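A.B. asks: Submitted below is the structure of interest, expressed as structure tokens.
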Amino acid sequence: MKRRTIEGECAMTLSQLLDIRPGVTAVIGGGGKTSLLRALGRELSRQHRVVLCTTTKIYPFPDLPCARTAAELNALAGEPLICTGTDAPGGKLTVPPVSLTELARIYDYVLVEADGSAGRPMKAHAAHEPVIPPAARRRLLVVGASGFGCPIETAAHRPERYAALAGAALTDPVTPQTQASVMLAEDLHDSVYLNQVEMPAAWAAAEELTRRLDCPVAAGSLHQGVFRRLR
């Protein structure tokens, strides 16, 4: 799918909008982390060597070569884009067979899903989450705009924690204010991507959330391939 920006912005790639830098990038939050890793991997691998992996658990990317051992990593050394991880129950992958520091010596970009959200668009974190590797140069938090207007108890992973940080009830709707309160209280990110932003109401919510943050923010739709920098 062709990627594009909107509303007269100069043509920038998604990785440029999100300021993805060489080395290790940790992707946390909810609302499309795995899809974002795949989109960034596809884009960056046109000119660089890229590996997708996790510090938690993910399913293998079915369209990519997958290295489950150090020997398989060596065998796939010529591939521009792979995923890696060791086998976990349920057909998922967990941590790579070598350290992320070693992966960063081999690959230009190491994109790491460092969080789980049980498919929810919003997320609050338990004490043991997210599993951000020390080598991470960027901590990119993903928010799914489909959660705005929905009750916290259905929109957020770990809803009790989310409600407590937001100073709200479980039955209250997620708003840009509640989402900003959770993000600022946790202070786990240095940049933000708002996904699932397709309709005017979602763009309005994304812009309101951005006004409450103090870090780089991009928004758009991975499904539609449309993106825009909000800060």
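The opening residue of the sequence shown carries number 13 in my numbering; numbering runs sequentially from there. From the three backbone atoms N, C-alpha and C, an ideal C-beta is built for every residue, glycine too. Just so it is clear, the structure is predicted and the values come from calculations on it, not from any experiment.
#1: Return helix, strand or coil for E210, following the three-state DSSP convention.
#2: Let me check understanding here. Comparing Cα to Cα, which of L56, Y71, G43, I164 lies closest to T37?
#3: What is the C-beta distance between P133 and S158, in whole angstroms, given that I count them as a contact (C-beta under 8 Å)?
#4: What does the alpha-carbon distance come out to for the pair L76 and T96?
#5: So does the segment 221-229 actually touch the segment 191-202, counting three or more Cβ pairs closer than 8 Å?
#6: Helix, strand or coil for V194 per DSSP?
#7: As a quick exercise: from P101, A148, G128, pick the residue whose alpha carbon is nearest that of T113.
#8: Any chance the segment 50-66 sits against the segment 115-125, with 3 or more Cβ pairs inside 8 Å?
#9: Where does R54 fall in DSSP's three states?
#10: Quick one: residues in its chain with C-beta nearer than 8 Å to the C-beta of A138, no 5 flanking neighbours on either side, listed in chain order?
#11: Can you tell which of I94, F73, A116 has its C-alpha closest to the C-alpha of K104?
#12: Determine the extent of the alpha helix (DSSP H) in which A178 is found, giving its start and end residues.
#13: Could you spell out where the beta strand (DSSP E) holding I94 opens and where it closes?
#14: Should the segment 77-85 be called in touch with the segment 152-167, which here means at least 3 C-beta pairs below 8 Å?
#15: Would you kindly report the start and end of the unbroken beta strand (DSSP E) that includes R243?
#16: How far does the beta strand (DSSP E) with E165 in it reach, from first residue to last?
#17: Does the separation of the CB atoms of A218 and L200 fall below 7 Å?
#18: DSSP three-state call for S27: helix, strand or coil?
#19: Can you check DSSP and say which residues form a bridge with P185?
#20: Out of L52, D184, D202, which one is the CA nearest neighbour of P92?
#21: Starting from I118, trace the alpha helix (DSSP H) both ways and give me its first and last residue.
C.D. replies: Judging by the given coordinates:
#1: Reading the sequence shown from its first residue, position 198 is the one you call residue 210. Of the three classes helix, strand and coil, the one that applies to E210 here is coil, per DSSP.
#2: As a first step, residue 37 is located in the sequence shown; it is residue number 25 there, counting from the start. Checking every option, the nearest Cα to that of T37 belongs to L56.
#3: Translated into positions along the sequence shown, residue 133 becomes position 121. Translated into positions along the sequence shown, residue 158 becomes position 146. At roughly 5 Å, the Cβ-Cβ gap stays under 8 Å, so P133 and S158 are in contact.
#4: Position 64 of the sequence shown, counted from the start, is the residue given in the question as residue 76. Position 84 of the sequence shown, counted from the start, is the residue given in the question as residue 96. Their backbone Cα atoms lie some 10 Å apart in a straight line.
#5: yes
#6: If you number the sequence shown from 1, residue 194 lands on position 182. Residue state, collapsed to three classes: helix.
#7: On the sequence shown, position 101 is the one that residue 113 refers to. It is A148 whose Cα lies nearest to the Cα of T113.
#8: yes
#9: Taking the sequence shown and counting its residues from 1, one reaches residue 54 at position 42. Correct three-state label for R54: helix.
#10: Along the sequence shown, one-based indexing puts residue 138 at 126. So the qualifying residues of the chain are R170, R173.
#11: Here residue 104 refers to the residue found at position 92 when the sequence shown is read from its first residue. For K104, the nearest C-alpha among the options comes from F73.
#12: Here residue 178 corresponds to residue number 166 of the sequence shown, with the count starting at 1. Looking at the DSSP string, the run of the alpha helix (DSSP H) that includes A178 is 171-178.
#13: Taking the first residue of the sequence shown as position 1, residue 94 is located at position 82. Per DSSP, I94 belongs to the beta strand (DSSP E) from 93-96.
#14: no
#15: The residue given as residue 243 occupies position 231 in the sequence shown. R243 -> no beta strand (DSSP E), and no H or E assigned at all.
#16: Residue mapping note: residue 165 aligns to position 153 of the sequence shown, counting from 1. Element bounds for E165: not the beta strand (DSSP E) but the alpha helix (DSSP H), 164-167.
#17: Within the sequence shown, the letter at position 206 stands for residue 218. Within the sequence shown, the letter at position 188 stands for residue 200. At a Cβ-Cβ threshold of 7 Å, A218 and L200 do not count as neighbours.
#18: As a working note, residue 27 is residue 15 in the sequence shown. Helix, per DSSP.
#19: For this step, residue 185 is matched to residue 173 along the sequence shown. Answer is P163, bridged to P185.
#20: The residue given as residue 92 occupies position 80 in the sequence shown. Out of L52, D184, D202, the CA that lies nearest to the CA of P92 is found in L52.
#21: As a first step, residue 118 is located in the sequence shown; it is residue number 106 there, counting from the start. It spans 112-118 - the alpha helix (DSSP H) in which I118 sits, taken as one unbroken run.
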